[in-house]
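Here the structure comes first, spelled out in structure tokens, and everything after it is commentary.
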């Protein structure tokens, strides 16, 4: 009896120990399940497992079996036996089959109602894996969790005994991919996007579409090789449906219409170069033609019309309408016309809500069945003001989060994850319908395979919101890639440290195209103080990444590697060209010492050649990662920029080689500027990003500050323009656009504008600061210059002079918050340029927005 009692005690102890061990174990899944409880034992992963599926649809049954079989093959390297075995995976919809319901009765559970349509119950014992749900959606998501369990536990060849009860926070968990401003994915990659998003339980997808749709009624605007025809959209929608993803049709229907308006057949419909005019009946005929062809291709109940950022409304043919009715009424009337067409075609309208948020009176004019999408892609102190107005007005809404991909080499995930987490927390609190995470490709350089870290996080948070969950990185690497370490996300976040350096802030792609090689006779200044830090960061990122062991989707690693290589090139080439110029200057100064001079010439040549060779490799690698996921269409927009840089390096290389040859023949060395080698190190950080409009003719002589070219925008004292905003002067139309000078220090207006004789130009920027403060500014110009801050003139110098950096000094009385800086530069003849910097202020910038941080 004593032995028996001791034996029972030991068994109970070991059982409790095993339960405690599993309790300490954490699953590494994306999304993170809501409820997990560990049991005793484990389910061994081997070939002797059979699968049974009990659902209401035969195709769904076969598909779920295929999903499970594929994961076993992919993660474990073997296929399951076809015959029935004692160890089983059983998947079913509650009530779909009596045999399945009998099996369920062995595992009592009374709360299936709380699972809803998409929730599921997953039970693992030593001989059975059971997935039960109220619908096929739920069983599908349960299978996705099982796939990740197999993937993450593959090295152990067993899944711990457990029970998962899981359901989503948000009904809609969507993604939007911009395919209209750059890369257009191949059909195969779109299929892969669908498959991978479905694994993360994303259930809505839309592709931002301006012109990349080919219709029979309007084929002219579809870019050759870059558009999907209606059949392709239909096939994509069918494929998405199979994976329980609602593919929503999408067509930009108001603003951002430039890709269509640029075609002569449609130019007359433009309110401006950007906006489809509501003043023409033909505009609605065009939209109805496109909707009539597109909408039947999609199973979704919704159609996304976008209609955001309509800055130019009222600036053209609709001016009389806006003057008479008001901008809000004209906007609402346009949406109502579209709503009528789309409702007739059997869909509900989905649209961006920014205009209604800025003009809340619009909310009373719109039909209540419209789905409004509130958006904002920064980290905000309070997300409620972006959600509450639509909720109080009675609209169903989505919140739109963002992965900051525009004009970037890689997204800033510190901002993206903060934005997603903040929006999700407020969305859960206010019980919004769902979220639509967005990837925008402005600039065309970005590649989607760099975005999965943010895509997965949005999927994770929209299913089970926990913004401060520190387990995400581990779960991301294990569940998505089957990796044993976190090297991919660690390398990504290490690269994101570049966002905090001035040289590489925001990881803006423009830095790639900055002019580091001057034209003959000119000089280029380069600040190289950050590049040692950049080099250190990318070397550390490289060291981390090379340890990564992705089991699946390993091609994603190539995209992060290319980003590392890109910054390696920049960190190496920027100081290299400055050093090469310095070596040439030494050779020039001591050319009487032939041996030493030639040594310096050869070293300078080697530095330039090495930079050229590295850039060739970088371009070829970019082409490679592009075509893995995208059509060739639009690739030339980027490779042509690489080619311009290569052409400049090649020119210097050839000139140096020719100079060495002539020097060997006894000829004197030419000046550095003749070899495009006048490259100097500079201190300070200059404003490179601006909003500018076309140049104005200087009608009344050189010094003419009295002519207000911006009178149509309420005068220079009240002109705070938006990008694409239009206005008139002397009957001619002008338009504000973003300009980022390729030169580190000067803004060459002569290159930007067609005219540079007797002209006036304007440049606008924002300066944000957290307190009232007077700061010192330095401005240089050729010829005259005026500086306006918040509508008040703070500096004027009308002198005929050659351009010189930092020639004028002034004090800017900045106010807490956002300040508006306008610079007016007048030129009589010759070089036309200006420069502007705040030498004592530590800043960060994005486009034409600057923020003083110290």
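Numbering (this note's numbering), first residue to last: 1241 to 2094. From the three backbone atoms N, C-alpha and C, an ideal C-beta is built for every residue, glycine too. These numbers were taken from a predicted model, which means no experiment stands behind them.
Query                                                                                                            : Result
For residue 2077, the three-state DSSP class (helix, strand or coil)                                             : strand
Pair within 9 angstroms by beta-carbon distance, residue 1414 and residue 1453                                   : no
Three or more C-beta pairs below 8 angstroms linking the segment 1410-1429 and the segment 1670-1679             : yes
Boundaries of the beta strand (DSSP E) in which residue 1601 is found, first to last residue                     : Premise fails: residue 1601 is in no beta strand (DSSP E) and is neither H nor E.
Rounded C-alpha distance that separates residue 1306 from residue 1359                                           : 21 angstroms
Residue 1882 versus residue 1604 - alpha carbon distance                                                         : 50 angstroms
Reduced DSSP secondary structure (H/G/I, E/B, other) of residue 1548                                             : coil
Exposed unless 16 or more other CB atoms sit within 10 angstroms - verdict on residue 1990                       : buried
Reduced DSSP secondary structure (H/G/I, E/B, other) of residue 1762                                             : coil
Cβ-Cβ distance between residue 1293 and residue 1379 below 9 angstroms                                           : yes
Length of the line joining the Cα atoms of residue 1286 and residue 1791                                         : 18 angstroms
Cβ-heavy atom distance, residue 1307 to the ligand COA, below 8 angstroms                                        : Judged by which ligands are present, the structure shown has none, so any question about the ligand COA falls away.
Extent of the continuous alpha helix (DSSP H) run through residue 1431                                           : 1427-1439
Beta-ladder partner(s) of residue 1682, from DSSP                                                                : Answer by DSSP bridge pairing: none, since residue 1682 is not bridged.
Enclosing beta strand (DSSP E) for residue 1589 [first to last residue]                                          : 1588-1592
Given 8 angstroms, three or more beta-carbon pairs between the segment 1399-1406 and the segment 1480-1488       : no
Length of the line joining the Cα atoms of residue 2078 and residue 1925                                         : 8 angstroms
Exposed unless 16 or more other CB atoms sit within 10 angstroms - verdict on residue 1796                       : buried
CB contact flag (residue 1820, residue 1751, <9 angstroms)                                                       : no
Inter-stretch contact at 8 angstroms, needing at least 3 Cβ pairs: the segment 1712-1731 / the segment 1630-1641 : no
DSSP bridge partner residues for residue 2015 (one or two, in chain order)                                       : 2052
Residue 1848 and residue 1808 closer than 9 angstroms at C-beta                                                  : no
Residue 1997 versus 1506, 2065 and 1518, residue with shortest Cα-Cα distance                                    : 2065
Reference residue 1616, options 1656, 1649 and 1607, closest by Cα                                               : 1656
Assumed close pair residue 1734, residue 1777 - CB separation to whole angstroms, cut-off 8 angstroms            : 6 angstroms
Residue 2058 - DSSP class collapsed to helix/strand/coil                                                         : strand
Cβ neighbour criterion (16 or more within 10 Å) applied to residue 2021                                          : buried
Separation of residue 1736 from residue 1648, as counted between CA atoms                                        : 11 angstroms
DSSP three-state assignment for residue 1238, whether helix, strand or coil                                      : This structure does not reach residue 1238, given that the chain is present from 1241 up to 2094, and the question cannot be answered.
Residue 1458, DSSP secondary structure in three states                                                           : coil
DSSP beta-bridge partners of residue 1416                                                                        : 1446 and 1678
Residue(s) in a DSSP beta bridge with residue 1421                                                               : In the DSSP output, where bridge partners are listed per residue, residue 1421 has none listed.
Pairwise C-alpha distance: residue 1738 and residue 1764                                                         : 24 angstroms
Residue 1355 versus residue 1409: straight-line alpha-carbon distance, rounded                                   : 11 angstroms
Segment contact flag, the segment 1973-1981 with the segment 2027-2042, C-beta cutoff 8 angstroms, min 3 pairs   : no
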